[in-house]
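Report on the structure given below.
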Amino acid sequence: MPELPEVETIRRLLRNGGLNSPSLINMKIIGAEVLWDRTVVEPAASIFIDKVINQTIKDVDRRGKFLILVLADYNLLIHLRMSGDILIESLDEPLGKHHRVVLILDEGIKLAFVDPRKFGRVWLLTETSRVIGALGPEPLSDEFTRGSFFQRLNNHHRQIKPLLLDQNFLAGMGNIYTDEALHCAKIHPLLKSDQITRKQSDRLWECIRSILLEGIKNNGASIDWVYRGGDYQNYFRVYQRRGEPCQVCGVDIERIVVGQRGTHFCPECQPLPSK
DNA sequence: ACGAGCGCCTGTCGGC
DNA sequence: TGCCGACAGGCGCTCG
Numbered sequence: 000m001p002e003l004p005e006v007e008t009i010r011r012l013l014r015n016g017g018l019n020s021p022s023l024i025n026m027k028i029i030g031a032e033v034l035w036d037r038t039v040v041e042p043a044a045s046i047f048i049d050k051v052i053n054q055t056i057k058d059v060d061r062r063g064k065f066l067i068l069v070l071a072d073y074n075l076l077i078h079l080r081m082s083g084d085i086l087i088e089s090l091d092e093p094l095g096k097h098h099r100v101v102l103i104l105d106e107g108i109k110l111a112f113v114d115p116r117k118f119g120r121v122w123l124l125t126e127t128s129r130v131i132g133a134l135g136p137e138p139l140s141d142e143f144t145r146g147s148f149f150q151r152l153n154n155h156h157r158q159i160k161p162l163l164l165d166q167n168f169l170a171g172m173g174n175i176y177t178d179e180a181l182h183c184a185k186i187h188p189l190l191k192s193d194q195i196t197r198k199q200s201d202r203l204w205e206c207i208r209s210i211l212l213e214g215i216k217n218n219g220a221s222i223d224w225v226y227r228g229g230d231y232q233n234y235f236r237v238y239q240r241r242g243e244p245c246q247v248c249g250v251d252i253e254r255i256v257v258g259q260r261g262t263h264f265c266p267e268c269q270p271l272p273s274k
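Quick note: the first sequence uses numbering that gives the first Met the number 0, first residue 0, plus one each step.
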């Protein structure tokens, strides 16, 4: 489900509070349940429960698509993968059928990791580098510069879309925002990364950042049967718009498969790479 | 180094 | 109505 903007939206909600949920900062975990063992990568579920109880939540952070609950003695890494979500619920609310991990907090609420497809994962670690150490730069940070981006594009001979989806190349891009950014930059998803000119690279750099910021501003996207409050889905230019006219040129949006992922683009604005 | 195929899972939707 | 395939916001693995 979530890409960088959706995870960032959840981070801000947990950290700052909002809607009907309070900030989690300084709340204490007083109980824990693991409903689906494989969700917890490490440590083993029983040890996870032992260790996480009595921990205080010091901060809520994010790295790429990883949500990080900074606890007094550990870091709780959460990756929502395709269908995961974090809900804050009152204690008397019954557990839904897709609840996988639940943390009981003081103040009478619980933090629930809900995940129909069971792809999501959590780790309780002191040292996080083993899991997130190889991630590429944060696209909205200062270390992500036009110059370094262009250089690194040219260090690879890869289709641009799968390269942007590679979390060790750039952290946080997923299928939606990649399609949107490539359309914005007028670059075909199959163009080889080392055929991208400096001018195209600069445009793509700008588009990645503006599209992600637009997603965050709209609290992310809510698609399929999962509604989580964001409304960026109303602003998609190409994603899931096969057959609809391109908002720039009017030509029908096409869908192809690239790297096993549905890929949406405008054949007029994003012409095929020269063979 | 790169890309394709597959596994992990459950749910929805469209076509017949 | 039921069945069946396509498809879904991700990623790790193996194999050429």
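The C-beta atom is built at its ideal place from N, Cα and C for all residues, glycine as well.
Item: Distance, Cα to Cα, residue 126 vs residue 70?; Value: 12 Å
Item: Starting from residue 263, trace the beta strand (DSSP E) in both directions and tell me its first and last residue.; Value: 260 to 264
Item: Quick check: residue 110 and residue 50, are their CB atoms within less than 8 Å of each other?; Value: no
Item: Give the list of continuous alpha helix (DSSP H) stretches no shorter than 4 residues that lie fully inside the region 124 to 152.; Value: 128 to 131
Item: What are the start and end residues of the beta strand (DSSP E) that includes residue 74?; Value: 74 to 78
Item: Quick check on the burial criterion: 16 or more other C-beta atoms within 10 angstroms. Buried or exposed for residue 8?; Value: buried
Item: Using CA coordinates, which residue listed in 63, 74, 121, 255 is at the minimum distance from residue 282?; Value: Residue 282 lies beyond the range of the chain shown here (0 to 274); nothing can be said about it.
Item: What is the DSSP secondary structure of residue 195, reduced to helix, strand or coil?; Value: coil
Item: Could you compute how far the alpha carbon of residue 58 sits from the alpha carbon of residue 28?; Value: 13 Å
Item: Cα separation between residue 228 and residue 176?; Value: 18 Å
Item: What number of angstroms, rounded off, separates the C-alpha of residue 67 from the C-alpha of residue 10?; Value: 8 Å
Item: With a cut-off of 8 Å, do at least 3 Cβ pairs link the region 174 to 192 to the region 255 to 271?; Value: yes
Item: What first and last residue would you give for the alpha helix (DSSP H) that runs through residue 160?; Value: 159 to 164
Item: For residue 104, which residues does DSSP report across the bridge?; Value: 28, 108
Item: Report the partner residues of residue 2 according to the DSSP bridge assignment.; Value: Partner(s): none; residue 2 has no beta bridge.
Item: Measuring only the C-alpha atoms, how far is residue 160 from residue 128?; Value: 26 Å
Item: In whole angstroms, give me the CA-to-CA distance for residue 242 and residue 194.; Value: 29 Å
Item: Check residue 49 in the structure and name its three-state DSSP category.; Value: helix
Item: With residue 269 and residue 187 assumed to form a contact (beta carbons below 8 Å), what rounded beta-carbon distance in angstroms separates them?; Value: 5 Å
Item: Give me whichever residues DSSP pairs with residue 359 in a beta bridge.; Value: Only positions 0 to 274 of the chain appear in the structure, and residue 359 is not among them; the question remains open.
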